[in-house]
Amino acid sequence: MSPRTEIAAAPSDLLEYIGSSADAIELVDHIDWTRLPRQIAVIMDGNGRWAGQRDLPRIEGHRAGISAVREVVETAARAGIGALTLYAFSVENWKRPQSEIDALMELLKEYLARELPMLLKHSIRFNAIGRLDGLPMKVQRDVRAATVATAANTGMRFVIALNYGGRSEIIDALRGVMADVAAGKIEAAEIDEDRLCEYLYTHDLPELDLLIRTSGELRVSNFLLYQIAYAEIWVTEKLWPDFRRLDLLRAIVDFQRRERRYGSVEAGDA
Ligand code: FPP
54 MSPRTEIAAA
64 PSDLLEYIGS
74 SADAIELVDH
84 IDWTRLPRQI
94 AVIMDGNGRW
104 AGQRDLPRIE
114 GHRAGISAVR
124 EVVETAARAG
134 IGALTLYAFS
144 VENWKRPQSE
154 IDALMELLKE
164 YLARELPMLL
174 KHSIRFNAIG
184 RLDGLPMKVQ
194 RDVRAATVAT
204 AANTGMRFVI
214 ALNYGGRSEI
224 IDALRGVMAD
234 VAAGKIEAAE
244 IDEDRLCEYL
254 YTHDLPELDL
264 LIRTSGELRV
274 SNFLLYQIAY
284 AEIWVTEKLW
294 PDFRRLDLLR
304 AIVDFQRRER
314 RYGSVEAGDA
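Residue 54 is where the sequence shown starts when you use the numbering used here, and the numbers rise one by one after that.
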């Protein structure tokens with residue numbers, strides 16, 4: 054990596070958290086702090102394989118994945134990312150063994166209870182997206198409590214996708230649009246890309262700039278299908294429980310190296 058020339062200072066809050074290893078210093082040096090991704094979304098994959106490699110039950114992979122969640126949330130917030138969206142449970146995940154589903158729901162509840170002080174300390178505003186009414190009541194209750202407890206926070210938006218599917222989200226948005234057209238609140242002719250976005254679960258989040266996937270799989274897995282239209286995709290071979298603070302910074306450095314053309318051509322190429 055060749056050093057950049059004009060550098061806005063890295064947030065001191067972040068430097069304190071990531072330490073001063075040579076890797077950390079080099080990464081921080083290569084980030085343009087004025088051009089961070091507005092929203093980062095993550096497909097956290099590989100928990101089962103991580104556990105399998107250690108002859109552990111799959112749930113131990115999910116438990117280890119919680120440490121990665123903790124580090125990534127805090128790193129993103131301290132770095133000044135606008136929003137971080139994590140894919141924790143898809144509409145397809147109900148096909149997993151009931152014991153794994155129960156354990157995942159339990160981990161989620163434990164996570165929310167344990168991490169609330171950290172969310173408040175960093176003024177992180179939490180909410181969940183997905184068909185939340187399909188979740189166990191006790192999970193719905195805890196998600197709602199954490200949402201309310203952090204509602205006045207003004208820092209990073211932290212979103213967990215639960216019972217989430219990209220196609221379901223588009224269907225839910227269409228149902229919302231159709232209901233409003235039927236009620237005379239909007240005209241069908243008014244529907245364009247921006248109007249449709251207002252009906253997505255993510256309507257109040259910044260633009261999704263970077264999608265990260267762990268464990269080397271090159272799939273989108275029904276995540277944020279509408280929102281990824283122009284997102285950069287960054288895939289790492291690392292399994293989710295091994296993903297750490299500096300990995301998030303690596304993804305940001307790579308994101309900033311890419312040239313985003315949104316379908317146009319480079320000046321001079323025309
Ligand atoms: C994918 O790995 C991971 C999941 C389906 C669940 C992710 C959940 C957590 C990290 C814990 C709870 C989350 C939060 C936000 C508190 P996999 O099981 O499909 O792994 P594999 O492909 O190796 O089998």
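Backbone N, C-alpha and C fix where the C-beta goes; we use that ideal spot for every residue, glycine too.
TODO: In angstroms with no decimal places, state the Cα-to-Cα distance between V288 and R197.
DONE: 32 Å
Open item on the list: By DSSP's criteria, F142 is part of a beta bridge. Which residues make up the other side?
Closed with: L215
Open item on the list: Assuming the contact rule is C-beta atoms closer than 8 Å, G133 and P189 should be a hit. Round their C-beta distance to whole Å, please.
Closed with: About 35 Å separates the two Cβ atoms, so there is no contact after all.
TODO: Please say whether R184 and S221 have beta carbons closer to each other than 8 Å?
DONE: yes
Task: I224 burial status per 10 Å Cβ neighbour count (16 or more: buried) - done: exposed
- [ ] Evaluate contact between the region 124-131 and the region 148-160, counting only Cβ atoms and requiring at least three cross-stretch pairs below 8 Å.
- [x] no
TODO: State yes or no: is the C-beta of L271 within less than 8 Å of the C-beta of L80?
DONE: no
Task: Residues that E40 bridges to, as DSSP identifies them - done: Since the first and last residues shown for the chain are 54 and 323, residue 40 lies out of range.
Open item on the list: If you measure between the beta carbons of I154 and S274, is that distance less than 8 Å?
Closed with: no
TODO: Look at the Cβ atom of R88, then the Cβ atom of Q309, and state whether they are nearer than 8 Å.
DONE: yes
Task: Bridge partners - F179, DSSP secondary structure assignment - done: F211
Open item on the list: the ligand FPP and G208: does any heavy atom of the ligand fall closer than 7 Å to the residue's C-beta?
Closed with: no
TODO: Taking only the alpha-carbon atoms, compute the straight-line gap between D245 and W103 and give it to the nearest angstrom.
DONE: 43 Å
TODO: Using only the heavy atoms of the ligand FPP, determine whether one of them is closer than 7 Å to the beta carbon of M171.
DONE: no
Open item on the list: Please classify A61 as buried or exposed, where buried requires at least 16 neighbouring CB atoms within 10 angstroms.
Closed with: exposed
Open item on the list: Measuring only the C-alpha atoms, how far is I213 from A136?
Closed with: 11 Å
Task: CB contact flag (A284, L263, <8 Å) - done: yes
- [ ] Mind checking which residues open and close the beta strand (DSSP E) that includes A94?
- [x] Q92 to I96
- [ ] Tell me whether the beta-carbon of A156 lies closer than 8 Å to the beta-carbon of I119.
- [x] no
- [ ] Output yes or no for whether 8 Å exceeds the beta carbon distance between A121 and L169.
- [x] no
Task: Residues near V306 in its chain [Cβ-Cβ closer than 8 Å; skip 5 each side] - done: M54, L80, H83 and I84
Task: Exposure label - P259; buried when at least 16 CB within 10 Å - done: exposed
Open item on the list: Suppose the cutoff is 6 Å on Cβ atoms and the five residues either side in sequence are ignored; what does the same chain contact list for L67 look like?
Closed with: R131 and A132
Task: 6 Å Cβ shell around S268 - same chain, five flanking residues per side excluded - done: D98, G99 and L292
- [ ] Provide the residue span of the alpha helix (DSSP H) that contains T200, from first to last.
- [x] M190 to A202
- [ ] Between the Cα of K174 and those of G208, A236, R298 and N216, spot the shortest distance and give me the residue it belongs to.
- [x] G208
Open item on the list: For a test of the three-state rule: what should DSSP assign to A226, helix, strand or coil?
Closed with: helix
TODO: In angstroms with no decimal places, state the Cα-to-Cα distance between A236 and Y315.
DONE: 36 Å
Task: 8 Å Cβ shell around I143 - same chain, five flanking residues per side excluded - done: At residue 143 the sequence reads Ser, which differs from the Ile that was named. Around S143: A214, N216, Y217, G218, S274, N275 and F276.
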